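Sequential numbering of the sequence shown, starting at 1, is according to the UniProt record's numbering.
Cβ atoms here follow ideal geometry from the backbone N, Cα and C, with glycine treated the same way.
Please read all numbers here as calculations on a predicted model, not as lab measurements.
This report refers to the structure that appears directly beneath it.
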Amino acid sequence: MLEIDPEVLSVRKKYATRPPELQRVGTKRIRFMNFIEICNVFKRPSSHLMDFILVELGTTGSLDSKEALTVKGRYEIKQFEAILRKYIKEYVLCPNCKSSETKLVKEQRLSFIICDKCNSKRSVSNIKSGMQGSQNK
Numbered sequence: 001m002l003e004i005d006p007e008v009l010s011v012r013k014k015y016a017t018r019p020p021e022l023q024r025v026g027t028k029r030i031r032f033m034n035f036i037e038i039c040n041v042f043k044r045p046s047s048h049l050m051d052f053i054l055v056e057l058g059t060t061g062s063l064d065s066k067e068a069l070t071v072k073g074r075y076e077i078k079q080f081e082a083i084l085r086k087y088i089k090e091y092v093l094c095p096n097c098k099s100s101e102t103k104l105v106k107e108q109r110l111s112f113i114i115c116d117k118c119n120s121k122r123s124v125s126n127i128k129s130g131m132q133g134s135q136n137k
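Printed below as a string of structure tokens:
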């Protein structure tokens with residue numbers, strides 16, 4: 001019989017983070033107030049998560065002086081939550097053991113998720129800025 005590492009089979013914890021805090025700026029912009037905090041929880045660079053969110057929403061945006069992401073358009077919290085769930089699934093969780101203890105590493109022109117728990121390595125697709133996301137406005 002195969003020996004199974006008990007550390008890999010340990011109880012899987014759910015990945016939980018604070019919900020996005022959105023603030024309306026005027027009538028046509030939204031400010032994502034805890035954006036940097038969420039980037040730190042995911043252990044991902046803010047530029048990567050920002051690019052993903054902007055592509056999924058199909059809009060433009062920027063980081064302001066308060067480290068908040070300002071996005072052009074009118075969106076609801078549930079749209080940001082769905083995008084963050086998709087980001088976690090594609091770029092944070094290990095596809096084998098579902099651990100969140102991963103690193104996003106760029107080697108040459110490819111990006112990989114490397115799991116610290118089971119040592120697996122999987123390539124992930126790059127964020128395509130020309131592609132429109134699946135979220136409805």
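Are the Cβ atoms of Ala82 and Arg31 separated by less than 8 Å?
-> Residue 82 sits at position 82 when you count from the first residue of the sequence shown. Residue 31 sits at position 31 when you count from the first residue of the sequence shown. Not a contact, by the Cβ cut-off of 8 Å.
Give the straight-line distance between the Cα atoms of Ile127 and Lys78, rounded to the nearest whole angstrom.
-> Here residue 127 corresponds to residue number 127 of the sequence shown, with the count starting at 1. Here residue 78 corresponds to residue number 78 of the sequence shown, with the count starting at 1. If I take the Cα positions, the gap works out to 22 Å.
Cα separation between Ser62 and Thr70?
-> One-based indexing of the sequence shown puts residue 62 at position 62. One-based indexing of the sequence shown puts residue 70 at position 70. Straight-line Cα distance between these residues: approximately 5 Å.
Are the beta-carbon atoms of Ile114 and Lys106 separated by less than 8 Å?
-> As a position in the sequence shown, residue 114 is number 114, starting the count at 1. As a position in the sequence shown, residue 106 is number 106, starting the count at 1. Going by C-beta atoms, Ile114 is not nearer than 8 Å to Lys106.
Once you ignore the five residues that flank Lys117 on each side, which residues in its own chain have a CB closer than 6 Å to its CB?
-> Working through the sequence shown from its first residue, we reach residue 117 at position 117. Excluding sequence neighbours, Lys117 sits near Cys97, Ser99, Glu101.
To the nearest angstrom, report how far apart Asn119 and Asn40 are at their CA atoms.
-> As a first step, residue 119 is located in the sequence shown; it is residue number 119 there, counting from the start. As a first step, residue 40 is located in the sequence shown; it is residue number 40 there, counting from the start. Approximately 22 Å between the Cα atoms of the pair.
If we count the other Cβ atoms within 10 Å of its Cβ and call it buried at 16 or more, is Glu56 buried or exposed?
-> Here residue 56 is taken as the residue at index 56 of the sequence shown, counted from 1. Glu56 comes out buried.
Any heavy atom of the ligand FMN closer than 7 Å to the CB of Ile38?
-> As for the ligand FMN, it is missing from this structure, which has no ligand bound.
Return yes when the Cβ of Arg44 is within less than 8 Å of the Cβ of Leu104, no when it is not.
-> Locating residue 104 in the sequence shown gives position 104, where the first residue counts as 1. Locating residue 44 in the sequence shown gives position 44, where the first residue counts as 1. It is a contact, given that the beta carbons lie within the stated cut-off.
Going by DSSP, which residues form a beta bridge with Gly58?
-> Locating residue 58 in the sequence shown gives position 58, where the first residue counts as 1. The partner list for Gly58 (beta bridge, DSSP) is empty, contrary to what the question assumes.
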